[in-house]
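In what follows, a single structure is set out as structure tokens and then discussed.
Number of protein chains: 2
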Amino acid sequence: MVDVARLAGVSLKTVSRVVNGEPHVQRAMADRVLAAVAELGFQRNHMASALRAGRASATIGLIIEELANPFYSTIAHVTAEMARDRDTLLLSASSEEDPVREEQLLRDLCSRRVDGLLVVPAGCDHSFLNSQVEMGIPVVFLDRPGTNIEADAVLLDNRGGARSGVRRLVADGHRRIGVLLDSVDVHTMRERLAGAQDALADAGIGYDGALVRGGVRDPATAAAAVADMLTQPNPPTAFLALNNRITVGAVQELWRRGSDAALVGFDDFELSHLMPRPLTVIGYDTRELARRAAQLLFARIDGDRSRPRTVVLPTELIERGLTAAGATA
Amino acid sequence: MVDVARLAGVSLKTVSRVVNGEPHVQRAMADRVLAAVAELGFQRNHMASALRAGRASATIGLIIEELANPFYSTIAHVTAEMARDRDTLLLSASSEEDPVREEQLLRDLCSRRVDGLLVVPAGCDHSFLNSQVEMGIPVVFLDRPGTNIEADAVLLDNRGGARSGVRRLVADGHRRIGVLLDSVDVHTMRERLAGAQDALADAGIGYDGALVRGGVRDPATAAAAVADMLTQPNPPTAFLALNNRITVGAVQELWRRGSDAALVGFDDFELSHLMPRPLTVIGYDTRELARRAAQLLFARIDGDRSRPRTVVLPTELIERGLTAAGATA
DNA sequence: AAAGAGTATGACAACGTTGTCCGACCGCCG
DNA sequence: CGGCGGTCGGACAACGTTGTCATACTCTTT
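Chains A and B, in that order, give the protein sequences.
Using the numbering used here, the first residue of the first sequence is number 231, and each one after it goes up by one.
Using the numbering used here, the first residue of the second sequence is number 231, and each one after it goes up by one.
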């Protein structure tokens with residue numbers, strides 16, 4: 231910028247004015263400055279500019295579990311789009327479900343003075359964010375609530391969704407329903423499991439530990455779990471898969487075996503309607519989830535100081551497959 | 231930082247030293263400083279720090295077409311992971327295939343002094359990046375080459391891939407092969423189409439314009455195009471879908487009609503093996519694509535000044551479905 | 001014609017940090 | 001006891017930008 235000023239024969243401040251489109255600069259002078267800018271390929275240093283004014287960095291931070299997962303990449307996309315409408319860019323990072331890493335990333339984002347944080351939390355203690363919030367970096371949690379911190383959160387009705395799925399299976403005559411889940415350490419899994427148990431309790435069906443399988447991390451494990459449960463005495467006549475990876479594995483295994491066990495999966499996914507057997511899923515609007523979270527965050531950034539809110543978005547039972555207890559019953 | 235210094239009763243510089251872990255600070259003093267840091271919740275301002283030293287911002291910029299698309303989100307994920315190993319964060323944005331927007335985003339990223347740029351180009355002129363490259367912001371193009379700029383690029387063997395797909399169909403006895411593509415404005419589409427024509431020429435099969443359908447933007451359009459082509463006189467006995475969205479639409483329509491036309495799709499995708507009919511696809515390693523691009527970029531950031539390289543990664547024909555010309559032939 | 005109002009430009013400090021340098025203090029040796 | 005090398009702390013400038021204020025000039029008004 232000094233060089234531009236020298237080349238144009240004007241003061242530093244005049245260059246600043248021209249670059250920022252401030253008024254009160256003569257046409258001829260502005261043209262001279264612009265010519266110099268073009269000749270030197272000058273580009274305003276956004277960092278210095280933000281620093282000077284103590285101004286916003288026009289950046290928001292997004293922490294998710296894994297960017298390559300369609301659920302999270304949809305969130306990233308929607309928030310990036312909404313950020314762009316405010317000339318804000320998105321600094322995104324994956325925690326890989328690692329609390330330590332999550333904290334590192336969050337601290338890093340804070341030290342870069344992002345205008346706000348969107349977090350799908352993996353950790354179990356976010357108290358260290360309290361000071362940041364006080365110092366003006368608002369935080370909104372997505373999909374799971376933060377812990378030890380009062381902050382906005384946008385969640386799904388996981389419990390209600392699972393409940394409606396199981397209620398449906400029960401209505402169709404199923405009494406032995408296998409539930410496949412990842413880890414109970416994850417908030418959403420706990421909620422979904424609780425919802426399933428709610429529905430069973432509603433129907434007066436007792437809890438059978440043998441029908442709940444945890445630690446199902448991927449499609450392969452899911453397939454194995456299904457295979458195993460089906461070969462036990464008194465096998466389930468229906469399955470509830472508590473996330474989409476599990477659903478995929480279960481579909482594959484049921485289809486492979488030609489089993490007519492019913493299946494309801496939590497999470498809709500892109501090609502679910504093209505699966506080899508029709509599939510009933512508990513769906514929701516991922517884009518809306520992200521949209522609401524981003525709206526909350528931007529409101530906070532714009533100075534909203536009202537009490538933290540928790541928004542719970544509904545789920546919807548998308549009935550595609552036949553779930554009725556069939557010939558095997 | 232001034233506050234910390236005051237609270238700890240030391241000078242500004244001492245705080246800086248402690249925060250940066252520089253040597254030559256007495257233990258007692260360091261502890262006092264750390265206590266003050268903790269009490270005030272101080273966090274070093276990364277922007278000011280980078281500004282001062284003219285140092286790297288520990289940020290790289292990624293421009294892709296659309297973050298929600300699994301192909302691009304995989305790229306984003308891999309590059310973010312590699313960046314993290316260097317304590318670098320990823321600033322990502324979607325161009326939505328809009329050249330104007332792409333240029334805006336790129337300029338914005340440059341003004342934030344990112345350490346480097348990874349770009350899946352949508353625009354048709356990247357000459358404006360030349361000055362940035364000269365000024366030390368290296369650029370690596372992914373999936374498609376940049377235009378009017380000498381820069382590294384990591385590409386796929388689109389032409390070879392399409393060629394091998396069509397060669398396979400020809401070997402199986404097909405003579406009328408419908409080709410479905412998005413827009414010829416996109417580099418990859420042109421290359422893939424050229425590859426298909428190569429294979430036809432190799433086999434001595436003349437070009438028939440009626441067998442090539444452009445402007446197929448999504449699964450629905452693809453389905454319509456397939457339906458239309460199959461109802462023409464002398465319909466194709468096989469299809470080549472030039473991207474995965476098209477493939478999905480084509481699968482769906484062929485399956486719906488119970489057609490036994492063969493299908494080869496460019497791009498593998500997550501649940502392709504679970505499609506209602508087995509599917510032969512032209513696959514490649516998206517992660518490797520991103521990995522190589524990031525490697526090139528980091529080498530440049532670390533000072534590699536050798537001539538720009540173009541890396542072309544191989545594709546692979548993944549034969550799952552039967553492609554033989556069947557009863558309809 | 002003088003005063004006032006407004007416009008155009010520039011000098012300077014400041015944002016939060018760190019590199020450079022200088023001085024203070026320590027213990028040690030001659 | 002004076003000087004010397006080493007360690008530690010601090011004053012100051014600088015990174016690139018912009019807000020504040022002062023100044024010089026132009027034009028209008030009485």
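Heads up, the beta-carbon is just placed ideally off N, CA and C, and yes, glycines get one too.
Computed from a predicted model, the values in this text were never measured in an experiment.
Between the CA atoms of residue j and residue i - distance to the nearest angstrom
| i | j | result |
| --- | --- | --- |
| Arg487/A | Asn299/B | 32 angstroms |
| Ala480/B | Glu311/B | 35 angstroms |
| Leu527/B | Tyr302/B | 17 angstroms |
| Arg550/B | Ala278/A | 56 angstroms |
| Val396/B | Ile367/B | 41 angstroms |
| Ile305/B | Asp345/B | 18 angstroms |
| Ala559/A | Leu493/A | Low local confidence applies: a pLDDT of 35 at Ala559/A is under 50, so the model's placement there is unreliable, and no value is given. |
| Arg247/B | Arg316/B | 22 angstroms |
| Arg374/B | Gln427/A | 51 angstroms |
| Val409/A | Asp490/B | 38 angstroms |
| Ala383/A | Leu441/A | 32 angstroms |
| Leu339/B | Leu320/B | 11 angstroms |
| Ala392/B | His276/A | 44 angstroms |
| Ser413/A | Arg447/A | 8 angstroms |
| Val308/A | Glu326/B | 12 angstroms |
| Leu292/B | Met419/A | 33 angstroms |
| Ala266/A | Pro253/A | 19 angstroms |
Residue i classed as buried or exposed, judged by whether at least 16 other C-beta atoms fall within 10 angstroms
| i | result |
| --- | --- |
| Ala429/B | buried |
| Asp362/B | The sequence shown places Gln at residue 362/B, not Asp. Gln362/B is buried by the Cβ-count criterion. |
| Asn464/B | exposed |
| Ser536/A | exposed |
| Pro544/A | exposed |
| Asn388/A | buried |
| Glu295/A | buried |
| Ser357/B | exposed |
| Thr477/B | buried |
| His503/A | exposed |
| Glu332/B | buried |
| Met365/B | exposed |
| Ala268/B | exposed |
| Asn250/B | exposed |
| Gly425/A | buried |
7 angstroms Cβ cut-off: residues of chain A touching residue i
| i | result |
| --- | --- |
| Thr304/B | Ala298 |
| Asp338/B | Leu319 |
Sequence-distant residues of its chain with Cβ nearer than 6 angstroms to residue i (five each side left out)
| i | result |
| --- | --- |
| Cys354/B | Thr377 |
| Leu359/B | Val369 and Ile379 |
| Val541/B | Val384 and Arg522 |
Own chain, CB closer than 7 angstroms to residue i, minus 5 neighbours either side, in chain order
| i | result |
| --- | --- |
| Arg337/B | none |
| Arg405/B | Ile435 |
| Met259/A | Val240 and Thr244 |
| Glu380/A | Pro538 |
| Gly513/B | Asp498, Thr545, Glu546 and Ile548 |
| Leu297/A | Ser303, Ala306, Ser322 and Ser324 |
| Val225/A | Absent from the structure is residue 225/A, since the part of chain A shown begins at 231 and ends at 559. |
Interface partners of residue i on chain A, CB under 9 angstroms
| i | result |
| --- | --- |
| Val478/B | Glu500, Leu501 and Leu504 |
| Asn563/B | A query on residue 563/B cannot be resolved here, the shown segment of chain B reaching from 231 to 559 and no further. |
| Gln482/B | His503 and Leu504 |
Partners in chain B for residue i, counting only beta-carbon separations shorter than 9 angstroms
| i | result |
| --- | --- |
| Leu321/A | Thr289, Leu319, Leu320, Leu321 and Ser322 |
| Ala310/A | Leu297, Ser322, Ala323 and Ser324 |
Residue range of the alpha helix (DSSP H) that includes residue i
| i | result |
| --- | --- |
| Leu509/A | Here Leu509/A belongs to no alpha helix (DSSP H), and DSSP marks it neither H nor E. |
| Ala278/A | His276 to Ala283 |
| Gly391/A | Asn388 to Ala401 |
| Ile379/A | No alpha helix (DSSP H) contains Ile379/A, which DSSP labels as neither H nor E. |
| Ala260/A | Arg257 to Leu270 |
| Val308/A | Pro300 to Arg314 |
| Phe496/B | Per DSSP, Phe496/B belongs to no alpha helix (DSSP H); it is in the beta strand (DSSP E), Ala492 to Phe496. |
Unbroken beta strand (DSSP E) run spanning residue i, endpoints
| i | result |
| --- | --- |
| Ser324/A | Leu319 to Ser324 |
| Thr289/B | Thr289 to Ile294 |
| Val248/A | First-last for Val248/A: Leu242 to Val249, but that is the alpha helix (DSSP H), not the beta strand (DSSP E). |
| Gly479/A | That residue, Gly479/A, is in no beta strand (DSSP E); its alpha helix (DSSP H) goes Asn474 to Arg487. |
Where residue i meets chain B, residues with beta-carbon distance less than 7 angstroms
| i | result |
| --- | --- |
| Asp355/A | Simply none; closest approach about 16 angstroms. |
| Ala578/A | Only positions 231 to 559 of chain A appear in the structure, and residue 578/A is not among them; the question remains open. |
| His307/A | Glu296, Leu297, Ala298 and Ser324 |
Under 8 angstroms by beta carbon: chain A residues contacting residue i
| i | result |
| --- | --- |
| Gly271/B | Ser361, Gln362, Glu364 and Met365 |
Own chain residues within Cβ distance below 8 angstroms of residue i, not counting five before or after
| i | result |
| --- | --- |
| Leu264/A | Val248 |
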